[in-house]
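Novice:
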Amino acid sequence: MTISVNGEKKVFEKEQMSVRELLDTLRYKEGFAVALNTTFILNTTYETTMVKEGDVLDILSPVQGG
Amino acid sequence: MSHTDMIDTQSDKWILEGKEFDSRMMIGSALYPSPKVMKEAIEASGSQIVTVSLRRQSGGDKGNPFWEIIKSLGVQVLPNTAGCHTAQEAITTAMMAREVFGTNWIKVEVIGNQYNLQPDPFELVEAAKVLVKEGFRVLPYTTDDLVLAQRLVDAGCTTLMPWGSPIGSGRGLINPYNLKAIRKQFPNLQLIVDAGIGKPSHAIQAMELGYDGILLNSAVALAHDPVQMAHAFRHAVTAGRLGYKAGAMQERDLASPSTPTIGTPFWHQA
């Protein structure tokens, strides 16, 4: 499947993956939150939320702000 | 501890959204020349509330030195929804911020105009309504519009953060009349001037109007010496607050001598 992760196209061999599996593959460990197709995904649902072809994933982390 | 310090820190605690603070200055974490200067400036400011944000970060295994510094300061973080243009974007960002930062405080910022970064009042109120119901402590970045202030209060906000002037402009309080009106109409709300403050004198002016606090970023971060400017603002906020509490004299149209006139020497008696 081809999906967008933080605005970049990424290709994976599997046709779908859980958010957890995807985060592990991308080596995200802590200090972030996830939105799938602009909808917030609670971290307790990473295992049960599936990502599929064409999905848009945003992984946001703390930055400076005013 | 001196008398002045006692007035400022002992008898004038600031209760904001259920928490107690000694400092009435909130400071942003952006635009500093380096992380080291950011840390030193925040410490010099005495601020106990620091604004932060969320953005995409490439690579999951790189760590986050910025966030480590902020955590080491032991401050209350106030995540913002900067960059959002709709209520839904702000709501989603707030949800993500609550999970990442572990706080239900959120500075709701919904921009409606790119020229002056003016908040979109309609989207802001909509976002505030939803987020209050979702259990957030909503601190809305708003214009100085009195009716909008009422709408935000109706939505459940107990703190409002009207702008002094557009974000990053450093122009100070361009409409003190409107800010005064909001203060007068909402004596029990926590009011914070957010955005537009450029000099310590602007902070003093805001506090003298009876505002409960100020939030600034660029004024310190873009100063030639951010750490020294942070010191200056710390004192300015204290000066303005004490001045407000002390009660300023009434302005007069005519001059009135301060030196006693009784016993004036011979040169005025010719």
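Chains S and A, in that order, give the protein sequences. Using our numbering, read the first sequence as starting at -2 and increasing by one per residue. Using our numbering, read the second sequence as starting at 41 and increasing by one per residue. Every residue gets a Cβ at the ideal spot worked out from N, C-alpha and C, and that includes glycine.
Could you give the DSSP three-state label for residue 48/A: helix, strand or coil?
Specialist: The residue you call residue 48/A lines up with position 8 of the second sequence. Because residue 48/A carries a pLDDT of 48, less than 50, the predicted location of this residue cannot be relied on, and the following value inherits that uncertainty. Helix.
Novice: Taking the beta carbon of residue 228/A as the centre, do at least 16 other beta carbons fall within 10 Å, making it buried, or is it exposed?
Specialist: Here residue 228/A corresponds to residue number 188 of the second sequence, with the count starting at 1. With fewer than 16 other Cβ atoms within 10 Å, it is exposed.
Novice: Mind checking which residues open and close the beta strand (DSSP E) that includes residue 181/A?
Specialist: Residue numbering aside, residue 181/A sits at position 141 when the second sequence is read from its first letter. Here the beta strand (DSSP E) through residue 181/A covers 177 to 182.
Novice: Can you give the Cα-Cα distance for residue 194/A and residue 200/A, rounded to whole angstroms?
Specialist: By 1-based counting over the second sequence, the position of residue 194/A is 154. By 1-based counting over the second sequence, the position of residue 200/A is 160. The alpha-carbon atoms of residue 194/A and residue 200/A are separated by roughly 12 angstroms.
Novice: Taking C-beta pairs closer than 8 angstroms, name the residues in chain S that residue 97/A reaches, listed in chain order.
Specialist: Here residue 97/A corresponds to residue number 57 of the second sequence, with the count starting at 1. Per Cβ cutoff of 8 angstroms: 3, 29, 56, 57, 58, 60.
Novice: Report the three-state DSSP secondary structure of residue 41/A (helix, strand or coil).
Specialist: By one-based count along the second sequence, residue 41/A stands at place 1. Because the pLDDT at residue 41/A is just 43, under 50, the model does not fix this residue reliably, and the value given afterwards should be weighed accordingly. Here residue 41/A sits in coil by DSSP.
Novice: Starting from the C-beta of residue 19/S, find all residues in its chain whose C-beta is less than 6 angstroms away, skip the five residues before and the five after it, and write them out in chain order.
Specialist: Start at 1 with the first residue of the first sequence, and residue 19/S comes out as number 22. Same-chain partners within the cutoff: 48.
Novice: I need the boundaries of the beta strand (DSSP E) containing residue 102/A, first residue and last residue.
Specialist: By 1-based counting over the second sequence, the position of residue 102/A is 62. Taken as a continuous stretch (DSSP letters only), residue 102/A belongs to no beta strand (DSSP E), as it is neither H nor E.
Novice: Would you mind listing the beta strand (DSSP E) stretches within the stretch 54 to 81 of chain A that are 3+ residues and don't spill past its ends, in chain order?
Specialist: 54 to 56, 59 to 61, 65 to 68
Novice: For residue 120/A, is the classification buried or exposed, using 16 other Cβ atoms within 10 angstroms of its Cβ as the cut-off for buried?
Specialist: For the purposes of this step, residue 120/A is taken as the residue at position 80 of the second sequence. The residue in question, residue 120/A, is buried, as its Cβ has 16 or more Cβ neighbours within 10 Å.
Novice: For the beta strand (DSSP E) containing residue 133/A, list its first residue and its last residue.
Specialist: Numbered from 1 along the second sequence, position 93 holds the residue referred to as residue 133/A. Judged by DSSP secondary structure, residue 133/A falls outside any beta strand (DSSP E) and instead within the alpha helix (DSSP H) spanning 127 to 141.
Novice: Below 8 angstroms between beta carbons: does that hold for residue 223/A and residue 85/A?
Specialist: The sequence position of residue 223/A within the second sequence is 183, counting from 1. The sequence position of residue 85/A within the second sequence is 45, counting from 1. Taking a C-beta distance under 8 angstroms as the contact criterion, residue 223/A and residue 85/A do not qualify as a contact pair.
Novice: Quick check: the stretch 50 to 59 of chain A against the stretch 21 to 33 of chain S, are there 3 or more CB pairs under 8 angstroms?
Specialist: no
Novice: If the cut is a Cβ gap below 7 angstroms, which residues of chain A does residue 17/S touch?
Specialist: Here residue 17/S corresponds to residue number 20 of the first sequence, with the count starting at 1. The premise fails here: residue 17/S is roughly 13 angstroms from chain A at the closest Cβ pair, so nothing lies under 7 angstroms.
Novice: What's the call for residue 44/S, buried or exposed, on a 16-neighbour Cβ count within 10 Å?
Specialist: Start at 1 with the first residue of the first sequence, and residue 44/S comes out as number 47. With fewer than 16 Cβ atoms within 10 Å of its Cβ, residue 44/S is classed as exposed.
Novice: Note down the Cα distance separating residue 43/A from residue 282/A, rounded to an integer number of angstroms.
Specialist: The count along the second sequence starts at 1 and reaches residue 43/A at position 3. The count along the second sequence starts at 1 and reaches residue 282/A at position 242. Because residue 43/A carries a pLDDT of 49, less than 50, the predicted location of this residue cannot be relied on, and no value is offered for it.
Novice: Quick check: the Cα distance between residue 257/A and residue 208/A, rounded to an integer number of angstroms?
Specialist: Along the second sequence, read from residue 1 onward, the residue named residue 257/A stands at position 217. Along the second sequence, read from residue 1 onward, the residue named residue 208/A stands at position 168. Rounded to whole angstroms, residue 257/A to residue 208/A spans 8 angstroms at the Cα level.
Novice: Would a check of beta-carbon distances place residue 34/S closer than 8 angstroms to chain A?
Specialist: As a first step, residue 34/S must be located in the first sequence, where it is residue number 37. It does not: the Cβ of residue 34/S has no partner Cβ on chain A nearer than 8 angstroms.
Novice: Just the Cα atoms here: how many angstroms apart are residue 123/A and residue 299/A?
Specialist: Numbered from its first residue, the second sequence carries residue 123/A at position 83. Numbered from its first residue, the second sequence carries residue 299/A at position 259. Using only the alpha carbons, I get a separation of about 57 angstroms.
Novice: Count the other CB atoms, across all protein chains shown, that sit within 10 Å of the CB of residue 0/S; report buried if there are 16 or more and exposed otherwise.
Specialist: Along the first sequence, one-based indexing puts residue 0/S at 3. It is buried - the Cβ of residue 0/S has at least 16 other Cβ atoms within 10 Å.
Novice: Taking Cβ positions only, does residue 9/S come closer than 8 angstroms to chain A?
Specialist: Numbered from its first residue, the first sequence carries residue 9/S at position 12. Judged by the 8 angstroms Cβ criterion, residue 9/S is not in contact with chain A.
Novice: Go through the stretch 179 to 234 of chain A residue by residue and report every complete run of the alpha helix (DSSP H) that reaches 4 residues or more, in order.
Specialist: 186 to 194, 216 to 225
Novice: Output, in chain order, the set of chain S residues within a Cβ distance shorter than 8 angstroms of residue 170/A.
Specialist: Mapped onto the second sequence, residue 170/A falls at position 130. Those do not exist, as residue 170/A stays about 12 angstroms from chain S at its closest Cβ, beyond 8 angstroms.
Novice: Residue 51/S versus chain A: which residues are under 8 angstroms apart at the beta carbon?
Specialist: Against the first sequence, residue 51/S aligns to sequence position 54. Per Cβ cutoff of 8 angstroms: no residues; residue 51/S is ~19 angstroms from chain A at best.
Novice: Use the C-beta contact count for residue 89/A: other C-beta atoms within 10 angstroms, 16 or more gives buried, fewer gives exposed.
Specialist: Residue numbering aside, residue 89/A sits at position 49 when the second sequence is read from its first letter. When all chains shown are included, residue 89/A counts as buried.
Novice: Since residue 94/A meets chain S, which of its residues come closer than 9 angstroms, beta carbon to beta carbon?
Specialist: If you number the second sequence from 1, residue 94/A lands on position 54. Neighbours of residue 94/A on chain S, chain order: 29, 30, 57, 58, 59, 60, 62.
Novice: With a cut-off of 8 angstroms, does the C-beta of residue 46/A fall near any C-beta of chain S?
Specialist: Here residue 46/A corresponds to residue number 6 of the second sequence, with the count starting at 1. Bear in mind that the predicted position of residue 46/A carries a pLDDT of just 47, short of 50, making it too unreliable to give a figure here.
Novice: If we cut at 8 angstroms on Cβ distances, does residue 273/A have a partner in chain S?
Specialist: Within the second sequence, residue 273/A is the residue found at index 233, counting from 1. Chain S contact via Cβ: absent.
Novice: Here's the rule I'm using: 16 or more other beta-carbon atoms within 10 Å means buried, otherwise exposed. How should residue 304/A be labelled?
Specialist: Stepping through the second sequence from its first residue, residue 304/A is reached at position 264. Exposed is the call here.
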